[in-house]
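Visitor: Taking our numbering, the leading residue of the sequence shown gets 62, the next gets one more, and so forth. Using N, Cα and C, we set each Cβ at its ideal position, and we do this for glycine too.
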Amino acid sequence: MKKISLLFILVWLIVIFFMSNEPAIKSVERTNSITDTSVSVFNEITGKNLNTARINNIISNNFKINMLILVRKSAHFIEFFILGILTFNVLIRFFKFSKKNMIISLLLCFTYACLDEFHQLFISGRTARLLDVLIDTSGSLLGILCFGFIYWLFKMRHSSKLADINNNQQIGE
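(1) For M62, which residues in the same chain have their Cβ closer than 8 Å to its Cβ, ignoring the five residues on either side in sequence?
(2) For S201 versus L167, is the C-beta spacing smaller than 7 Å?
(3) Is M62 near the ligand GTP, in the sense that its beta carbon is under 6 Å from a heavy atom of that ligand?
(4) Identify whether L182 lies in helix, strand or coil by the three-state DSSP scheme.
(5) Specify, as a first and last residue, the run of the alpha helix (DSSP H) that M80 falls within.
(6) Using only the alpha-carbon positions, how far apart do S101 and N150 sit?
(7) Using only alpha-carbon positions, find the residue among S185, S66, F158 that is nearest to S81.
(8) How would you call F156, buried or exposed, if buried means at least 16 neighbouring beta carbons within 10 angstroms?
(9) By a C-beta neighbour count over all protein chains shown, 10 Å radius and 16 as the cutoff for buried, is L147 buried or exposed?
(10) Looking at the structure shown, is R115 part of a helix, part of a strand, or coil, going by DSSP?
(11) Are the Cβ atoms of L176 and W73 separated by less than 7 Å?
(12) Under three-state DSSP, which class holds K157?
(13) Just to confirm, are F142 and G204 a CB contact at a threshold of 7 Å?
(14) Between D193 and the rest of its own chain, which residues show a CB-CB distance below 7 Å, the 5 nearest in sequence each way excluded?
(15) Suppose contacts are defined by Cβ-Cβ distances below 7 Å. Is I77 in contact with K134 by that definition?
(16) Taking all protein chains shown into account, do 16 or more other C-beta atoms lie within 10 angstroms of the C-beta of E105, making it buried, or fewer, making it exposed?
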């Protein structure tokens, strides 16, 4: 299981690297397709067509710009949410569940976020932003906390079942 955990984190680090390695034009094209889909879904849900009237084009453009930003920043957050989970999982597998390992996981994710932004300085049309590092780190923190909480719940439930089994065995004696 340890090797599989390491493999998952290695694959995910490579995925993040390649997504950051795309030139800005290609990255924006992908984001635009997601944004266009979001506008279509919005049109279907509301029964309105944001692309019809002239005044609505202004609303549509603002909506698209806001969706573009939301999609791009959400991608950062989700990528690093997953990285936080994978990183903490590896540390649990090799060491143990502890607050110290949660902090180490967060520091590792923060370091990778900084390296990722630095890497983007060398990619056509891309920039390094402190805001992205903060979003990445926030995603990692939430991933670590969610995974840690779920892991803790399963441990508590498992230890509770063991205590019940031991109590039943002692009663039966």
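Guide: Reading off the structure:
(1) Position 1 of the sequence shown, counted from the start, is the residue given in the question as residue 62. Leaving aside the five residues that flank M62 on each side, the residues in its chain whose CB is nearer than 8 Å to its CB run, in chain order, R154.
(2) For the purposes of this step, residue 201 is identified with residue 140 of the sequence shown, where counting begins at 1. For the purposes of this step, residue 167 is identified with residue 106 of the sequence shown, where counting begins at 1. Closer than 7 Å, so yes.
(3) Inclusion of the ligand GTP in the displayed structure is not the case, the ligand content being empty and no account of it being possible.
(4) Residue 182 sits at position 121 when you count from the first residue of the sequence shown. For L182, the three-state secondary structure derived from DSSP is coil.
(5) Position 19 of the sequence shown holds residue 80. Run containing M80: 63 to 81, per the alpha helix (DSSP H) assignment.
(6) By one-based count along the sequence shown, residue 101 stands at place 40. By one-based count along the sequence shown, residue 150 stands at place 89. Between S101 and N150, the C-alpha separation is close to 38 Å.
(7) On the sequence shown, position 20 is the one that residue 81 refers to. Cα-wise, what sits closest to S81 is S185.
(8) Start at 1 with the first residue of the sequence shown, and residue 156 comes out as number 95. Of the other Cβ atoms in all chains shown, fewer than 16 fall within 10 Å of the Cβ of F156; this residue is therefore exposed.
(9) Position 86 of the sequence shown, counted from the first residue, corresponds to residue 147. By the 10 Å Cβ count, L147 comes out buried.
(10) As a working note, residue 115 is residue 54 in the sequence shown. Low per-residue confidence applies at R115: pLDDT is 45, beneath 50, and the placement is therefore not dependable, though the value from the model is reported in the following sentence. Residue state, collapsed to three classes: helix.
(11) In the sequence shown, the residue the question calls residue 176 occupies position 115. In the sequence shown, the residue the question calls residue 73 occupies position 12. No; because the gap between Cβ atoms is not below 7 Å, this pair is not in contact.
(12) As a first step, residue 157 is located in the sequence shown; it is residue number 96 there, counting from the start. Residue state, collapsed to three classes: coil.
(13) Position 81 of the sequence shown holds residue 142. Position 143 of the sequence shown holds residue 204. Taking 7 Å as the Cβ cut-off, F142 and G204 qualify as a contacting pair.
(14) Along the sequence shown, read from residue 1 onward, the residue named residue 193 stands at position 132. So the qualifying residues of the chain are H137, E178.
(15) Working through the sequence shown from its first residue, we reach residue 77 at position 16. Working through the sequence shown from its first residue, we reach residue 134 at position 73. No; because the gap between Cβ atoms is not below 7 Å, this pair is not in contact.
(16) The residue given as residue 105 occupies position 44 in the sequence shown. Within a 10 Å sphere around the beta-carbon of E105 sit fewer than 16 other beta-carbons, which makes this residue exposed.
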